[in-house]
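Worksheet: one structure, shown below.
Residue numbers (full-length UniProt numbering): 1 to 212.
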């Protein structure tokens, strides 16, 4: 559009009507947001867009496990890169990798908890979102001292500045905090996701017994 700039050119994604409606039925974050916020460009009247449904808990659990596997595995890959960067003393690059690991751990939990994937990349946004659903995330990033606060601030800034700010630096002490807290977040994510899956198992049993 004239006079407007876009960060990336539009892309066309082609999916079958069956795939789209199946995803909308379970309120998949990507397709549901397209239907909710998108603009209809053409309608020939032959396709009926489905609506989100209340899913049985067995399906909710299956979806949660599938989404968790993909998101958590990506977080693990970023964490390994961050650990390697620590050994090679490439702390600036490693801080970005650790940021990405933390982002994916938080989003893995959000997907398991309620099937949502927040758009934000900001840890200072994702952390409180996770904590509002489980107090297990409350103390993942302690900021009790000025040093802790500065280290956490740099981890949050690393998403942009580790890549684009040549003056951005991370000390060994700050990286030690970042790595230790990312590993702590990993353990909390595993525990809290397992607890949520266990909750789904209980609800499956209750729901299916009520049908007998």
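Cβ atoms here follow ideal geometry from the backbone N, Cα and C, with glycine treated the same way.
Spatial neighbours of residue i in its chain, beta-carbon cut-off 6 Å, leaving aside the 5 residues before and after
i, result
"residue 131", "137 and 138"
"residue 133", "113"
"residue 158", "95, 96 and 99"
"residue 185", "102, 105 and 140"
"residue 67", "111"
Beta-carbon proximity of residue i to residue j, cut-off 8 Å
i, j, result
"residue 101", "residue 78", "yes"
"residue 82", "residue 97", "yes"
"residue 156", "residue 122", "yes"
"residue 61", "residue 197", "yes"
Given residue i as reference, the closest of the options once Cα atoms are compared
i, options, result
"residue 91", "76, 56, 48 and 168", "168"
"residue 177", "195, 147 and 166", "147"
"residue 165", "93, 72 and 69", "93"
"residue 170", "145, 59 and 150", "150"
"residue 195", "135, 172 and 161", "135"
Own chain partners of residue i with C-beta closer than 7 Å, once the 5 adjacent residues on each side are dropped
i, result
"residue 3", "With a pLDDT of 48 at residue 3, under the threshold of 50, the modelled position of that residue is not reliable, and the figure given next carries that caveat. Correct list: empty, nothing qualifies."
"residue 152", "141 and 143"
"residue 57", "200, 203, 204 and 207"
"residue 85", "91, 93, 94 and 97"
Whole-Å CB distance - residue i paired with residue j, under 8 Å assumed
i, j, result
"residue 95", "residue 175", "7 Å"
Sequence-distant residues of its chain with Cβ nearer than 8 Å to residue i (five each side left out)
i, result
"residue 163", "96"
Item checked: Three-pair Cβ contact test at 8 Å for the region 100 to 120 versus the region 179 to 195 -> yes
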